[in-house]
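Here's the structure we're looking at; comments come further down.
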Ligand code: AHR
């Protein structure tokens, strides 16, 4: 059996087993809670019917925003929410979404289903949503079809306390005080739907647009430039080189990366719930490619920015399959199975591992679109927490925790192009001193025995929860919402510094050493 090795320390031992060395006294960076961020676009039923039902809806809501969805997302400690897109962002004109709703102009959402967007959900509603969620807003401004003035005024409208036409307009719309706002994206996918620009052209546009994204008062904007798609390393190099300022720094705080599983035409061949073992392996292997992408983009960034002044922001990631039969192809509505839980778990383990450069990520998308955490019923007030939701809840322990060095030597699984490490993992220490270890066994059929040397811990007790199901395709529905849900795991044993357990096939496991 082949052995795969993955080390955060650069040293390991040769041992043909699933061996982990967890160094509880060697930190590997801080895991920003913003790695566990989310994305909500005006796309399909993400905003309308997902978050927003309007004040008059029979579905319980607070100022038009669904209470059940807010409550569920508070359960995963949602740290930030990116809005209004996506491709929609570069067609969005924010002034259409303020003021009395009856007077707001409509537009056609040409990207997503050609439906009429009535702008009922705009800036005030989004900021209210973030308040209700207890998360930070992340707004993406329009570069592709917008103007510098439009972006400048939006930032001023949101964050300025000065007397100005923009702040007077805000007050007239019911909000006297500015909002605190940190995260600002200067365009989305400007290599594609955001204007089909070359890297060189966008870099110049970025320099110009970001100039007018001002800090008003004490508010400090964290500027995020549109970064590469997948393995476009040229884009990363050009943006890093051309966004330097005259003081040895950079005109941006973050550079975004977008990567979906899978990319391109393969999506149409994958059903979210009707798939075979080879599809399972293909999707998980494709998701695991995120590690190589981050490693290589980071290597370019390291050369130009060894002090890591610019952070890598993976602000769109997740599984993208064919839409559910009978649904609008432009709405990107897909179910979510145990396979997606594994996609999420292994991707979050990758982000944790790269937490010194990756400080924010946003799964696409929060409700009813792509790899959603929540599905809402069109005809009732029922919602479903998907298997992906449960992974975010299990991994919540890593928010703002100290990453711990972990050395993995694990059996490889699969065959041919789909060979990959059978187990991925990450570990951290929380503020109370507890050590949390999250693992996934990507093999759909075989359990995996693990021996973990817990160095530096003076141990204690171990407890755990596991997410798995009888079949690969298991998923939650409105009639059976808890078919895939975490269960207590009593199978871990800690004797001295030796932790042993067996990961069930196709499972995500979260262990806590107290
Ligand atoms: O998340 C769906 C779409 O995927 C976004 O609008 C776009 O940015 C990306 O291509």
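Numbering (my numbering), first residue to last: 6 to 519.
Glycine included, each C-beta is placed from N, C-alpha and C at the ideal position.
None of these values were measured; they are calculated from a predicted model.
Residue i versus residue j - alpha carbon distance
i	j	result
residue 45	residue 393	16 Å
residue 356	residue 495	27 Å
residue 158	residue 208	22 Å
residue 484	residue 391	13 Å
residue 487	residue 480	8 Å
residue 333	residue 36	38 Å
residue 67	residue 28	46 Å
residue 108	residue 93	21 Å
residue 272	residue 337	11 Å
residue 244	residue 147	18 Å
residue 265	residue 292	8 Å
residue 2	residue 132	Summary: the structure shown does not reach residue 2, with the chain confined to residues 6 through 519, and so no result is reported for it.
residue 56	residue 255	36 Å
residue 206	residue 369	27 Å
residue 389	residue 311	44 Å
residue 409	residue 162	42 Å
residue 424	residue 418	6 Å
residue 491	residue 440	19 Å
residue 323	residue 284	16 Å
residue 197	residue 140	29 Å
residue 447	residue 218	43 Å
residue 304	residue 71	43 Å
Neighbour-count burial assignment, residue i, 16 or more Cβ in a 10 Å radius
i	result
residue 130	buried
residue 503	exposed
residue 63	exposed
residue 250	exposed
residue 358	buried
residue 330	exposed
residue 74	buried
residue 516	buried
residue 328	buried
residue 96	buried
residue 414	buried
residue 513	buried
residue 279	exposed
residue 167	exposed
residue 220	exposed
Three-way DSSP call (helix, strand, coil) for residue i in this model
i	result
residue 83	coil
residue 27	strand
residue 338	coil
residue 390	strand
residue 518	strand
residue 228	strand
residue 5	The requested residue 5 is not part of the displayed model; the chain covers only 6 to 519.
residue 131	helix
residue 421	helix
residue 412	strand
residue 16	Any reading at residue 16 needs caution, since the residue's pLDDT is 35, under 50, leaving its predicted position unreliable; the model's value is listed next. Of the three classes helix, strand and coil, the one that applies to residue 16 here is coil, per DSSP.
Nearest-angstrom Cβ-Cβ length linking residue i and residue j, presumed shorter than 8 Å
i	j	result
residue 449	residue 362	Wrong, their Cβ atoms sit about 32 Å apart, outside the cutoff.
residue 373	residue 54	7 Å
residue 90	residue 47	6 Å
residue 98	residue 155	7 Å
What are the start and end residues of each continuous alpha helix (DSSP H) run of 4 or more residues lying completely inside the stretch 137-193, in chain order?
153-164, 170-177
Note down, one range per segment and in chain order, each beta strand (DSSP E) of at least 3 residues found wholly within the stretch 234-304.
259-266
Within the stretch 83-128, note down every full beta strand (DSSP E) run reaching 3 residues or more, in order along the chain.
85-88, 112-114, 120-122
Could you tell me which uninterrupted alpha helix (DSSP H) segments, each at least 4 residues in length, are contained entirely in the stretch 32-76, listed from first to last along the chain?
none
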